[in-house]
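*Asks:* Before anything else, here's the structure in question.
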Amino acid sequence: MTDPLFPTVLVANRGEIARRVIRTLRRLGIRSVAVYSDADATAPHVREADEAVRIGPAAAVSSYLDVAAVVDAAVRTGAQAVHPGYGFLSENAAFAKACTEAGIVFIGPGGKALDVMADKIRARDHVAAHGVPIVPGFSAAGLTDSEIASSAAEAGFPLLVKPSAGGGGKGMQIVRTPDELPEALATARRVAAASFGDDTLLLERLVERPRHIEVQVLADGHGAVIHLGERECTLQRRHQKVIEEAPSPVVDEETRRRLGEAACAAAASVGYRGAGTVEFLVSADRPDDFFFIEMNTRLQVEHPVTELVTGVDLVEQQLRVAAGLPLALAQSDVRLDGHAIEARVYAETPSRGFLPATGDVLRWTPPQGVRVDSAIETGSTVGADYDPMIAKVIAHGADRAEALRALDAALAETVLLGVESNVAYLRDLLADPAVRAGDLDTGLIDRRPPSTDPAPAPSALAAAAGVVWRLGERQRESRRASALWSAGSGWRMGAPADPPQVTFGAGEDIVSATPAESGDEVRIGARRDRAAVIGHAAPDGVVLATAADGTVWVHADGVTSALTPLSRRAAADRRLARRERAAGATDPDLRAPMPGTVVAVHVADDAEVHAGERILSIEAMKMEHPVLASHDGTVRLRTAIGDQVRRDQVVARIDIREETRGETRDETREDTQKERP
């Protein structure tokens, strides 16, 4: 590229998007500056940049969201421009203004676009005035709850309650009856205030069986506004996208033209510059009928699928526009080549309701032959401070079927040991008949049965058992060598026979396996005071790593399993606990379902509560999860607002009331008497 651009660009973000932007900067010969919090001091994006600057502690509000700290870093490093990535400050008008005042170019749209499109209510009214179709609804700004209830009744249920500020589905609540409205309003306001600093709400008619279609637009400062086709982002869970693809399997050429025209009209109405995305709601039953949802004034997480089918580097185009240059292509140059599908890899536990997971990455081996944008590497730590998305795997094919096959094969080859993830779930989702047929709507994932952990492959169990047995043998040999009678010929009466079976805990299951022979141990690496990571060069392709707590992580036959070695006593205790749960017994201790921060306590200590009642809420990785009472009784709180909790930490206890204990004893006595002959 010969056009003059910026000598130095600061990337005001982290993780996979920071690494992705740095790649383009390096290709264009532009010096890159990374910023990092204390939690990211050793992160890959810090090492890959030409220079890196610490901007604060782990909490995003004190680092990546600190406007003054980021601008100061840009000034001190001599950056002429700042690329905000997505999330954090990417759509923050105050940040864009601060950059301009410091003489730094903000690689994003102008103030009008940020101001208008940042507010869903204003954006909705604005684009409607420019001929873009919108969903019927109303703004709750300035209305009392009673007035909102009246307007909701007039609009008709079901309704979607969502924060006016922000995006990503945070705070959205579905309300099907008037009785559900008060709690939905309270939850949406709390999440909106915490996430965006603005609890203004927007209520819209809920379109049943909707598809989520978005259009990528590019605009420069010379009057050009073009689109690069659409992306299908319908496969969502809790309003968060999981699988994205381009183009959409239901959009024909005529609908693509109309969608593109509407998207370009929305962008032009605010004098847009740079890369942006206009999102639409499309009826699954009538794909030619669409409504404007919002405009994201930044790069999207799913932008790689558009890059793969068009061959356009969107970051490069952003840089050109920010430098005052025209776009490098016109609408007539845009061609869609084949099909691309992206899967978001999250650090989460699908079998536990997709709750965020944390841990040390013992082994990360991305698949070959596809595009992988990742935030991690072997040795990384996944904490609870930021979004749980740790990688994206993107496949391209001549058509949709080929792209689906390529993505599934790539996910099967993805090795992530040490941190639980949704990789197995993604493969299961891709195999869903409706997904393969392209018969999608945003409720498809919610209608699927609860996710379960795939069973470990027999080869994985045998290899893991071999690891545990050999470690045990070394310990036993060490003890024997230290004994007084160990000196001599080496003959032993009752020498150990063939290795016995080794028992593991695999999620909720208990499994056993006979140790198998494997290759020599290979030291993959060590982490400070933690135990060395041990792998095995197994001829059958099994990949193993042992965590500091003794858990053996195994990848075999496309399945990753975390196997916890169990003693006979531990296995018996697990079996007893499982029988008690099957019999309906409830644990009085309430445990944190995920690591995070206690953001709300809904009851007072020593209060009487009922089964299913909210006790407290925990937030981690941009997700809020309630902890519910397991049975009727008196609550004993073990934590308070602001406390950091570990996964499975006891946060409260529900003591059964004495009268209930008596009733239970009486019922048990009666049941026992009935069973006697």
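First residue of the sequence shown? That's 636 in my numbering, and the numbers climb one at a time after it. Glycine included, C-beta positions come from ideal geometry on N, C-alpha and C. Source: prediction; values computed, not measured.
#1: Which residues mark the beginning and the end of the alpha helix (DSSP H) in which E914 is found?
#2: Let me confirm a value: S1202 is counted as buried when at least 16 other C-beta atoms fall within 10 Å, else exposed. Which label applies?
#3: How long is the line joining the alpha carbons of E1302 and D1063, rounded to whole angstroms?
#4: Would you grab the beta carbon distance between P1085 and A1059 for me? Rounded to a whole angstrom, and I think it's under 8 Å.
#5: Specify the secondary structure class of E929 as computed by DSSP and reduced to three states.
#6: Could you tell me how far apart the beta carbons of L663 and E951 are, in whole angstroms, since I believe they sit closer than 8 Å?
#7: Could you check if V696 is buried or exposed, using at least 16 other CB atoms within 10 Å of its CB as the buried criterion?
#8: Between the Cα of A982 and the Cα atoms of R970, I848, V996, G973, which residue gives the shortest distance?
#9: Beta carbon of V629, beta carbon of V956: below 8 Å?
#10: In angstroms with no decimal places, state the Cα-to-Cα distance between E1281 and T1016.
#11: Assuming contact is defined by CB atoms lying nearer than 8 Å, are S854 and A900 in contact in what I supplied?
#12: What does a CB cutoff of less than 6 Å around Q953 pick up in its chain, not counting 5 residues either side in sequence?
#13: Tell me whether V646 sits in a helix, a strand or coil according to DSSP, three-state version.
#14: Is the CB-CB distance between A1148 and A1100 below 8 Å?
#15: With distances taken from CA atoms, which of G1231, P1228, V1270 is nearest V1244?
#16: Between the alpha carbons of D1267 and R998, how many angstroms are there, rounded?
#17: Using only alpha-carbon positions, find the residue among P882, T712, R840, V1007 that is nearest to R866.
#18: Just the C-alpha distance for H847 and R1209, rounded to the nearest angstrom, thanks.
#19: From R1083 to R844, what distance separates their C-alpha atoms?
#20: Taking the alpha-carbon positions, what's the L1106 to T822 distance?
#21: Can the beta-carbon of I1289 be found less than 8 Å from the beta-carbon of A1264?
#22: Go ahead and label P1228 buried or exposed: buried means 16 or more other beta carbons lie within 10 angstroms of its beta carbon, across all protein chains shown.
#23: With a CB to CB cut of under 7 Å and the five nearest residues on each side skipped, what residues in its chain are close to L841?
#24: I'd like to know whether the C-beta atoms of V770 and L894 end up nearer to each other than 8 Å.
#25: What number of angstroms, rounded off, separates the C-alpha of V877 from the C-alpha of I1080?
#26: Could you say if the segment 768-786 and the segment 823-840 meet the contact criterion of at least three C-beta pairs nearer than 8 Å?
#27: So the candidates are L962, L1061, A1036; which of them puts its Cα closest to the Cα of S577?
#28: Taking Q715 as the reference, give the member of T1077, A1030, A958 with the closest Cα.
#29: Please report the Cβ distance between P1001 and P1023, rounded to the nearest whole angstrom; I am assuming they are in contact, meaning their Cβ atoms lie under 8 Å.
#30: So, does the CB of R1282 fall closer than 8 Å to a CB anywhere in chain E?
#31: Here's the rule: buried if 16 or more other CB atoms are within 10 angstroms of the residue's CB, otherwise exposed. What is I1276?
#32: Who are the Cβ neighbours of V944 in its own chain at under 8 Å, not counting the five residues just before and after it?
#33: Does DSSP classify L1119 as helix, strand or coil?
#34: From T1199 to G1053, what does the alpha carbon distance come to, in whole angstroms?
#35: For R1163, I'd like the list of residues in its chain whose CB is within less than 8 Å of its CB, leaving aside the five on either flank, ordered along the chain.
#36: Just reading off the alpha helix (DSSP H) that H1260 is part of, what are its end residues?
*Replies:* Taking the structure as given:
#1: Premise fails: E914 lies in the beta strand (DSSP E), 909-918, not in any alpha helix (DSSP H).
#2: exposed
#3: Only weak support exists for where E1302 lies, its pLDDT of 44 falling under 50; the value from the coordinates is given anyway. Distance between the alpha carbons of E1302 and D1063 is about 44 Å.
#4: Incorrect: roughly 14 Å between the Cβ atoms, too far for contact.
#5: strand
#6: 7 Å
#7: exposed
#8: V996
#9: Outside the modelled stretch of the chain, which goes from 636 to 1312, sits residue 629, for which no answer is possible.
#10: The identity of residue 1281 in the sequence shown is Arg, whereas the question assumes Glu. For R1281 and T1016, the distance between alpha carbons rounds to 15 Å.
#11: Position check: residue 854 holds Ala in this sequence, whereas Ser was assumed. No, the pair does not count as a contact, with Cβ atoms beyond the cut-off.
#12: I742, G909, A910
#13: strand
#14: Contact: yes.
#15: V1270
#16: 44 Å
#17: Considering only P882, T712, R840, V1007, the residue with the shortest C-alpha distance to R866 is P882.
#18: 44 Å
#19: Cα to Cα, R1083 sits roughly 15 Å from R844.
#20: 50 Å
#21: Going by C-beta atoms, I1289 is nearer than 8 Å to A1264.
#22: buried
#23: P793, L794, L795, I809
#24: Cβ distance not < 8 Å, so V770 and L894 don't count as in contact.
#25: 9 Å
#26: yes
#27: Nothing about residue 577 can be read from this structure; the chain reaches only from 636 to 1312.
#28: A958
#29: P1001 to P1023, Cβ: 18 Å. No contact.
#30: Checking the listed chains, one finds no chain E in this structure; it contains a single protein chain.
#31: exposed
#32: Cβ neighbours of V944 beyond the five flanking positions: G864, A881, P882, L971, D972, G973, H974, A975, H1031.
#33: For L1119, the pLDDT reaches just 46, beneath the cut-off of 50, and the residue's location in the model is therefore unreliable, although a value from the coordinates is still provided. DSSP places L1119 in helix when its eight states are reduced to three.
#34: 12 Å
#35: Residue confidence is low: R1163 scores 36 on pLDDT, short of 50, so the model does not pin down where it sits. Its coordinate-derived value is still stated next. Hits under 8 Å: none found.
#36: From DSSP, H1260 is part of no alpha helix (DSSP H) but of the beta strand (DSSP E) over 1258-1263.
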